[in-house]
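A.B. asks: Heads up: the sequence shown begins at 277 in the numbering used here, then just goes up one per residue. If you scroll down you'll find the structure; I have some questions about it.
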Amino acid sequence: MMEQAVAQRQARILIVDDEPINVKVLVDLLRDQYALVVAKDGPQALSRLAGDVLPDLVLLDVMMPGMDGLEVCRRIKADPRTADLPVIFVTALGQAHDEAHGFTCGAVDYITKPISPPVVLARVATHLTLRRAQAALRDQNRQLEDRVRQRTAEVVMTQDVTIRALASLAETRDNETGNHIRRTQYYVRRLAEELRGHARFAADLDDRTIDLLFKSAPLHDVGKVGIPDAILLKPGRLTDEEFTIMKRHAALGREALLAALDGQADQGVDFLRYAMEIAAGHHEKWDGSGYPAGLAGEAIPLSARLMAVADVYDALISRRVYKPAFPHEKAVAIITEGRGSHFDPDIVDAFLRIADDFRAIAARYADDD
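If you want it as structure tokens, here you go:
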């Protein structure tokens, strides 16, 4: 199987750059951990990819004579044989629109020159881990009929691998901490437990579903991996144009998780279905004024409505570059004010009953200043 083969051999990386010094820097950095293949231009890169053994990752320069990196990436993604190869652009072009253009062409990440060795190593390792997880999920879907008795154990293993890979990927690119992920995970579970006795929610919140929501919650912002560094890491408030780009992370998160299922969402693992709902819908609002789809009321999945309260509460009590941490009481007041407009009214009522539990979770998993 693909994931077994990758695990048993050294991961292979194709480096494409017309400048020998840039190639040398990357080769010196990566050669002790990975098998490397080098191409000096676009045509040679495509020729390397036509061979029997494909790389596991492509590090691709953008500015090259003749066929530039953007065109190389488009051709890689247009060929079914290589379409799922992760491509990371490594380039001196560092403007937000350059990065956005790169992602539009199909790249999974964008590293600006001069490179930071720790950043390159972290991004490469994370994307290789993600590729292995995606391969595992695709193989599992193809083999379900023959492996019914092993399904539960395999799903649990795949869940854990995928959560670690995707959550790690998001954390390497985001200023928010791993404790934000943990806090929101526990908020969601506590809200679900409180609501399971409510007539509107009882049928949807059994033990298994609550466990799946708990596992899925850490992936709510995985789409931020597709947002340019200049916006994601900006030390201040975003402009309207930048915020428009930032809002794309919700749809990007769903697309990334759907890709892991090879487009077969109806046959996918349940926890990834919840993860897709949460990633896509946690910025929707009860009155329809949210994004990305402008869903309203119960058209917003329950999982996303739960995450909306959890995510906003944690954002309010956490310090950001553009605001101080609000006290618990102010956060509660703001969420109460959003009852029936931003949030599902019954979920806000449940939140108010257990607000002290949210405070306790926040204290237990507080960030280290």
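Just so you know, even glycine gets a beta-carbon here, dropped at the ideal spot from N, CA and C. As the structure is a computational prediction, the values presented were derived from the model and not from experiment.
Would you mind stating whether Ala-401 and Asp-332 have Cβ atoms separated by less than 8 Å?
C.D. replies: In this structure, Asp-332 does not lie closer than 8 Å to Ala-401 by Cβ.
A.B. asks: Distance check for Thr-515 and Val-597, CA to CA, integer angstroms please.
C.D. replies: Approximately 14 Å between the Cα atoms of the pair.
A.B. asks: If I measure Cβ to Cβ from Asp-294 and keep anything under 7 Å in the same chain, skipping five residues before and after, which residues do I get?
C.D. replies: If we look at Asp-294 and ignore the five residues flanking it on each side, its Cβ neighbours are Lys-316, Asp-317, Asp-337, Met-340, Pro-341.
A.B. asks: Excluding sequence positions up to five away, which residues of its chain have a Cβ less than 6 Å from the Cβ of Tyr-386?
C.D. replies: The answer, listed in chain order, is Phe-365, Glu-375, Gly-378.
A.B. asks: Which of the three DSSP states, helix, strand or coil, is assigned to Asp-385?
C.D. replies: Three-state result, Asp-385: strand.
A.B. asks: Count the other CB atoms within 10 Å of the CB of Lys-491; is the residue buried (16 or more) or exposed (fewer)?
C.D. replies: So Lys-491 ends up on the buried side.
A.B. asks: Judging by CA-CA distance, which residue of Glu-613, Gly-557, Lys-389 is the nearest neighbour of Leu-302?
C.D. replies: When each option's Cα is compared against that of Leu-302, the closest is Lys-389.
A.B. asks: Quick check on Leu-481: buried or exposed, where buried means 16 or more other Cβ atoms within 10 Å of its Cβ?
C.D. replies: Counting Cβ neighbours within 10 Å, Leu-481 comes out buried, since at least 16 surround it.
A.B. asks: Going straight from the alpha carbon of Lys-500 to that of His-403, what length do you get?
C.D. replies: Going from the Cα of Lys-500 to the Cα of His-403 covers about 14 Å.
A.B. asks: When you compare only the Cα positions, how much space is there between Gly-229 and Ala-631?
C.D. replies: Residue 229 lies beyond the range of the chain shown here (277 to 645); nothing can be said about it.
A.B. asks: Starting from Arg-549, follow the alpha helix (DSSP H) in both directions and report where the run begins and ends.
C.D. replies: 546-557 is the span of the alpha helix (DSSP H), which, as asked, contains Arg-549.
A.B. asks: Between Leu-335 and Val-292, is the Cβ-Cβ spacing less than 8 Å?
C.D. replies: Yes, the Cβ-Cβ distance between Leu-335 and Val-292 is below 8 Å.
A.B. asks: Measure how close the beta-carbons of His-558 and Met-583 come, nearest whole angstrom, since I'm counting them as under 8 Å.
C.D. replies: 4 Å between Cβ atoms; contact.
A.B. asks: Cα-Cα, which of Arg-629, Ile-554, Pro-394 is closest to Ile-611?
C.D. replies: The candidate whose alpha carbon is nearest that of Ile-611 is Arg-629.
A.B. asks: Which same chain residues, not among the five before or five after Gly-382, have their C-beta less than 6 Å away from its C-beta?
C.D. replies: Correct list, in chain order: Cys-349, Lys-353.
A.B. asks: What's the C-alpha gap between Asp-633 and Ile-593?
C.D. replies: Their Cα atoms are separated by approximately 14 Å.
A.B. asks: Check for me: the alpha helix (DSSP H) holding Phe-490 runs from which residue to which?
C.D. replies: From DSSP, the alpha helix (DSSP H) with Phe-490 extends over 483-492.
A.B. asks: By the DSSP assignment, the beta strand (DSSP E) with Val-366 in it spans what residues?
C.D. replies: Segment 363-367, the beta strand (DSSP E) holding Val-366.
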